[in-house]
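Going down the list, the protein sequences come from chains A and B. Residue 66 in our numbering sits at position 66 of the first sequence; the count goes up by one each step and never skips. Residue 187 in our numbering sits at position 187 of the second sequence; the count goes up by one each step and never skips. The block underneath contains the structure these notes are about, expressed in structure tokens.
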Amino acid sequence: MLIARVRDDQDKAAFRVVFDHFAPRVRAFLLRSGANASLAEECTQEVMATLWHKAHLFDPTRASAATWIFTIARNRKIDAFRKQRRPEPEDLPWGPQEEPDQADALALQQESEKLVEAIASLPAKQKELIEKAYFGDLSHSEIAEQTGLPLGTIKSRIRLALDRLRHAMS
Amino acid sequence: MTEMIKHHLNDGLLMAYSAGTLPEAFSLTVAAHISMCDECRARLGAFDTIGGALMDETVDVAVSEGSFEATMARINDVPAATESPAAIRSKGVLPKPVQDYVGGDLDAVKWRSVGMGVKQAILPTSKKATARLLYIPAGAAVPDHGHRGTELTLVLQGAFADEVDHFGAGDIEIANEEVDHTPVADIGADCICLAATDAPLRFRSLIPRIAQPFLRI
Chain A
1 MLIARVRDDQ DKAAFRVVFD HFAPRVRAFL LRSGANASLA EECTQEVMAT LWHKAHLFDP
61 TRASAATWIF TIARNRKIDA FRKQRRPEPE DLPWGPQEEP DQADALALQQ ESEKLVEAIA
121 SLPAKQKELI EKAYFGDLSH SEIAEQTGLP LGTIKSRIRL ALDRLRHAMS
Chain B
1 MTEMIKHHLN DGLLMAYSAG TLPEAFSLTV AAHISMCDEC RARLGAFDTI GGALMDETVD
61 VAVSEGSFEA TMARINDVPA ATESPAAIRS KGVLPKPVQD YVGGDLDAVK WRSVGMGVKQ
121 AILPTSKKAT ARLLYIPAGA AVPDHGHRGT ELTLVLQGAF ADEVDHFGAG DIEIANEEVD
181 HTPVADIGAD CICLAATDAP LRFRSLIPRI AQPFLRI
């Protein structure tokens with residue numbers, strides 16, 4: 001787990017691998033969301049620096065690396081382009097610094113991959129709508145109530161991780 | 001409490017919150033509901049996964065020369081984070097994201113009377129939409145009103161009923177232009193709600209209509 005190596009050992013080689021994969025994608029995401037080249041570059045560097053500093057907050061049983069980095073990039077986007085605060089839900093209390101369960105992390109990874117495949121096989125029109133929702137400024141009322149995406153299994157997986165977290169705390 | 005929630009966020013709102021395109025007042029209300037509702041927290045996780053997947057499959061755009069080195073320089077400029085992941089669930093009536101806007105829990109809210117015992121406090125968000133806390137005494141009613149846009153009403157304490165349904169703590173009502181309603185607080189306890197609107201409300205009776213510009217309801 002590359003992010004775990006960044007977290008535990010401040011491993012620059014591991015970080016370089018993560019950077020080479022994700023920095024171009026974060027930059028592309030910011031460009032498609034309306035940033036100019038220099039703002040996108042600056043924000044990308046900030047997002048990747050945040051990843052380094054917050055690596056200890058990454059929980060692979062609750063989100064994949066791509067998901068987690070997306071949320072960091074999205075928050076940076078709201079802050080930098082839209083000049084708004086981003087109210088975040090109260091985080092769940094964390095257990096006594098347990099190492100995340102490998103099997104849970106793997107299962108979440110597999111569910112994420114299934115969802116990627118499902119998105120890839122959507123009809124073009126529907127996929128376009130979803131891309132517009134994430135990259136553009138489609139308003140919530142323009143986003144259809146039913147997205148047609150099979151979210152059930154990954155939702156159950158995340159729900160399970162949340163339940164375990166709560167159980168560990170009680 | 002989380003098991004008793006009957007009224008949840010819809011997919012459109014969750015996706016827009018995940019994408020980061022909601023006005024701040026709506027984001028606050030969504031974040032407050034998720035703080036109280038594990039079901040919607042898990043659904044948000046699914047929508048964030050879609051965002052991650054879309055970002056991951058985006059065609060590469062090369063980062064500029066020296067980008068990695070510049071990032072390492074940024075990292076070295078900032079001392080290592082001391083932030084602990086051991087977040088402790090806040091005690092109190094207001095969920096943490098709302099407390100951040102109020103500057104404390106219920107006793108820090110600066111209420112203003114809007115008549116008939118009903119009080120409100122407008123929270124400082126961007127102008128595109130308005131977020132307000134509402135205090136409705138047990139058994140009292142908020143004046144009959146309709147909406148031009150969308151109104152989200154999240155119950156933080158107590159409960160209310162309107163023409164649509166009954167809403168208890170943690171429940172969120174999503175009302176659109178078709179809904180004219182008169183929320184009435186349950187007898188048992190004073191009701192406290194967080195409400196977000198993206199257009200001014202339309203009151204049915206004359207007095208609140210005249211007062212509207214002054215009260216900003």
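Note that CB positions come from ideal geometry on N, CA and C, so glycine has one too.
Proximity winner among the options, relative to residue i (alpha-carbon distances)
| i | options | result |
| --- | --- | --- |
| Ala140/B | Ala73/B, Asp162/B, Cys40/B | Asp162/B |
| Arg157/A | Ala105/A, Ile143/A, Ala120/A, Leu122/A | Ala105/A |
| Leu14/B | Lys6/B, Ile5/B, Asn76/B, Ile50/B | Ile50/B |
| Asp59/A | Pro150/A, Ala4/A, Lys155/A | Ala4/A |
| Ser141/A | Gly115/B, Phe68/B, Ala175/B | Ala175/B |
| Pro34/A | Arg164/A, Gly136/A, Ile154/A | One point to set straight first is that residue 34/A is Gly, not Pro, in the sequence displayed. Among Arg164/A, Gly136/A, Ile154/A, the Cα nearest to that of Gly34/A belongs to Gly136/A. |
| Phe81/A | Thr29/B, Ala108/B, Thr21/B | Thr21/B |
| His181/B | Leu152/B, Asp198/B, His33/B, Ala32/B | Leu152/B |
| Asp100/B | Pro100/A, Arg62/A, Arg85/A, Arg25/A | Arg85/A |
| Lys127/A | Leu194/B, Phe167/B, Leu54/B | Leu54/B |
| Val78/B | Glu117/A, Pro100/A, Gly152/A, Glu46/A | Glu46/A |
| Asp79/A | Glu24/B, Arg148/B, Ala108/B, Asp171/B | Glu24/B |
| Leu39/A | Arg62/A, Pro100/A, Leu138/A, Arg76/A | Arg76/A |
| Ala73/A | Met48/A, Ala133/A, Pro89/A | Met48/A |
Under 7 Å by beta carbon: chain A residues contacting residue i
| i | result |
| --- | --- |
| Glu151/B | Simply none; closest approach about 12 Å. |
| Ala46/B | Leu151, Ile154, Lys155, Ile158 |
| Val61/B | Pro24, Arg27, Ala28, Leu31 |
| Phe68/B | Arg16, Phe19 |
| Ile34/B | Pro89 |
| Met4/B | Correct list: empty, because the minimum Cβ distance to chain A is about 15 Å. |
| Lys96/B | Glu90 |
Per-residue DSSP class, three states only, for residue i
| i | result |
| --- | --- |
| Gly20/B | coil |
| Glu163/B | coil |
| Glu128/A | helix |
| Thr58/B | coil |
| Ile187/B | coil |
| Ala87/B | Unreliable placement is indicated for Ala87/B, whose pLDDT of 47 sits below 50; no coordinate value is reported for it. |
| Leu13/B | helix |
| Gln109/A | helix |
| Ala199/B | coil |
| His181/B | strand |
| Lys155/A | helix |
| Pro6/B | Checking the sequence shown, residue 6/B turns out to be Lys, not Pro. Here Lys6/B sits in coil by DSSP. |
| Ala175/B | strand |
| Gln99/B | helix |
| Cys40/B | helix |
| Gly136/A | coil |
| Ala169/B | coil |
| Ile192/B | strand |
| Leu154/B | strand |
| Lys110/B | coil |
| Gly51/B | helix |
| Val18/A | helix |
| Val78/B | coil |
Sequence-distant residues of its chain with Cβ nearer than 6 Å to residue i (five each side left out)
| i | result |
| --- | --- |
| Pro137/B | Gly117, Asp190 |
| Leu92/A | Leu165 |
| Val179/B | none |
| Leu134/B | Gln120, Cys193, Ala195 |
| Thr150/B | Asn176, Asp198 |
Contacting residues, own chain, Cβ-Cβ under 7 Å from residue i (five flanking each side not counted)
| i | result |
| --- | --- |
| Trp52/A | Val6, Phe15 |
| Leu94/B | Val102, Asp105, Leu106, Leu156 |
| Cys37/B | Thr2, Ile5, His8, Gly170 |
Residues that residue i contacts on chain B, provided the C-beta gap is smaller than 7 Å
| i | result |
| --- | --- |
| Gln84/A | Glu24, Ser126 |
| Met48/A | Thr71 |
| Leu39/A | Ordered by position in chain B, no residue passes the 7 Å Cβ test against Leu39/A, which lies about 12 Å from the chain. |
| Pro62/A | First, the residue type needs correcting, since residue 62/A is Arg and not Pro in the sequence shown. Under the 7 Å cutoff, chain B gives Gly45. |
Contact set between residue i and chain B, taken where Cβ atoms lie within less than 9 Å
| i | result |
| --- | --- |
| Ile119/A | Ile50, Ala53, Leu54, Glu57 |
| Lys77/A | Gly20 |
| Gln102/A | Near Gln102/A there are no residues of chain B at all, since even the closest Cβ is about 19 Å away, more than 9 Å. |
| Glu174/A | Lying outside 1 to 170, the shown extent of chain A, residue 174/A is not represented and no answer is given. |
Below-8 Å beta-carbon distance, residue i vs any chain C residue
| i | result |
| --- | --- |
| Ile122/B | Of the chains in the structure shown, none is chain C; the protein chains are A and B. |
Residue i Cβ short of 7 Å to the ligand FMN heavy atom set
| i | result |
| --- | --- |
| Gly51/B | Summarising the ligand content, the structure contains no ligands, and the ligand FMN is consequently not present. |
Nonlocal neighbours in the same chain, by C-beta distance under 8 Å from residue i, ignoring five residues either side
| i | result |
| --- | --- |
| Leu149/A | Leu115, Ala118, Ile119, Leu122, Ile130 |
| Ala87/B | Reliability of the predicted coordinates at Ala87/B is poor, the pLDDT of 47 falling under 50, and the value obtained from them is presented with this limitation in mind. For Ala87/B, where only same-chain residues beyond five positions count, there are no Cβ hits under 8 Å. |
Chain A contact residues for residue i, given Cβ-Cβ distances below 8 Å
| i | result |
| --- | --- |
| Arg43/B | Leu151, Lys155 |
| Val78/B | Ala49, His53 |
Under 8 Å from the C-beta of residue i: neighbouring residues of chain B
| i | result |
| --- | --- |
| Gln45/A | Ser67, Ala70, Thr71, Arg74 |
| Val116/A | Ala53, Asp56, Glu57 |
Inside the region 38-102 of chain A only - beta strand (DSSP E) runs reaching at least 3 residues: none
Residue ranges of each beta strand (DSSP E) run of no fewer than 3 residues wholly in the region 123-151 of chain B, ordered along the chain? 130-136, 145-147
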